[in-house]
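*Asks:* Counting from 1, position 134 in the sequence shown corresponds to residue 150 in this note's numbering; the numbering is continuous, with no gaps. Quick reminder that beta carbons are idealized off the backbone N, C-alpha and C, glycines included.
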Amino acid sequence: MPLCVMGTIEMSREERTKLRAMFDAAWGDKDGEFSDDDWASATGGTHFLLEIDSTIVSHASVVDRVLETEGRELQTGYVEAVATGPEHQRRGYATEVMRAVGSFIDERYELGALDTGLTAFYESLGWEPWRGPTHVRTERGVIGTPDEDGLVMIRRTPTTPGLDLDAPISCDWRPGDVW
17 MPLCVMGTIE
27 MSREERTKLR
37 AMFDAAWGDK
47 DGEFSDDDWA
57 SATGGTHFLL
67 EIDSTIVSHA
77 SVVDRVLETE
87 GRELQTGYVE
97 AVATGPEHQR
107 RGYATEVMRA
117 VGSFIDERYE
127 LGALDTGLTA
137 FYESLGWEPW
147 RGPTHVRTER
157 GVIGTPDEDG
167 LVMIRRTPTT
177 PGLDLDAPIS
187 CDWRPGDVW
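1) Using 8 angstroms for Cβ pairs, my map puts T85 next to V21. What's the rounded Cβ distance?
2) Starting from A110 and walking both ways along the alpha helix (DSSP H), at which residues does that stretch end?
3) Can you name the residues that DSSP bridges to Y94?
4) Per DSSP, M27 is paired with what?
5) Which residues in the same chain have their Cβ closer than 7 angstroms to the Cβ of E67, if we skip the five residues on either side of it in sequence?
6) DSSP state of E144, grouped into three classes?
7) Tell me, to the nearest whole angstrom, how far the beta carbon of A136 is from that of A99; I am working on the premise that it is less than 8 angstroms.
8) Just tell me which of G128, E164, P191 has its CA closest to the CA of S176.
9) Among P191, G192, W195, D180, which has the Cα closest to the Cα of R88?
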């Protein structure tokens with residue numbers, strides 16, 4: 017089964033429509049929904065699409081972000097919209113997609129990061145929980161995001177500097193969920 021890697025700009029309207037439908041199905045039975053802000057956060061970067069018979073069964077995207085910790089700006093590959101269609105879950109598809117994402121981040125960024133409630137899944141793929149407090153950088157200054165504490169995970173790359181995982185970390189502001 018082919019894994020397709022492409023930028024948002026390379027996606028056809030049909031592919032974007034199918035992808036959005038898969039997201040809605042994947043998150044439709046969960047506590048939340050896949051909002052328009054979530055969609056905007058997932059686009060503008062590189063998409064990893066796993067397809068079976070022209071059907072997108074699993075996806076993740078990587079977007080450029082800058083995270084700051086201990087006075088350092090880190091060019092970060094931030095993972096968004098990891099999803100597998102409900103009828104295709106528990107078959108290793110997300111694992112395959114995330115392994116490709118990890119290799120991509122390792123080659124291009126100082127750091128990988130994501131926000132999740134599925135810590136064990138990502139730990140099995142080499143991601144680490146950020147233990148320190150989380151914040152967002154805004155026009156009004158740096159604001160704590162305590163609801164995200166313990167949910168942010170990082171992936172060290174060959175160019176990651178030494179990190180204190182207990183230090184505060186901040187992300188750039190964006191509409192919707194900032195992390």
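*Replies:* Per the coordinate set shown:
1) So it is not a contact: roughly 29 angstroms between Cβ atoms.
2) Looking at the DSSP string, the run of the alpha helix (DSSP H) that includes A110 is 109-124.
3) The partner list for Y94 (beta bridge, DSSP) reads V79, A129.
4) DSSP lists no bridge partner for M27.
5) A distance below 7 angstroms between beta-carbons, with the five flanking residues on each side excluded, links E67 to the following residues of its chain, in chain order: M17, P18, C20, V73.
6) Note: E144 maps to strand in three-state DSSP.
7) Taking C-beta atoms under 8 angstroms as the contact rule, A136 and A99 fail to qualify, at a distance of about 18 angstroms.
8) According to the sequence displayed, residue 176 carries Thr and not Ser. Checking every option, the nearest Cα to that of T176 belongs to G128.
9) Minimum Cα distance to R88 is reached at D180.
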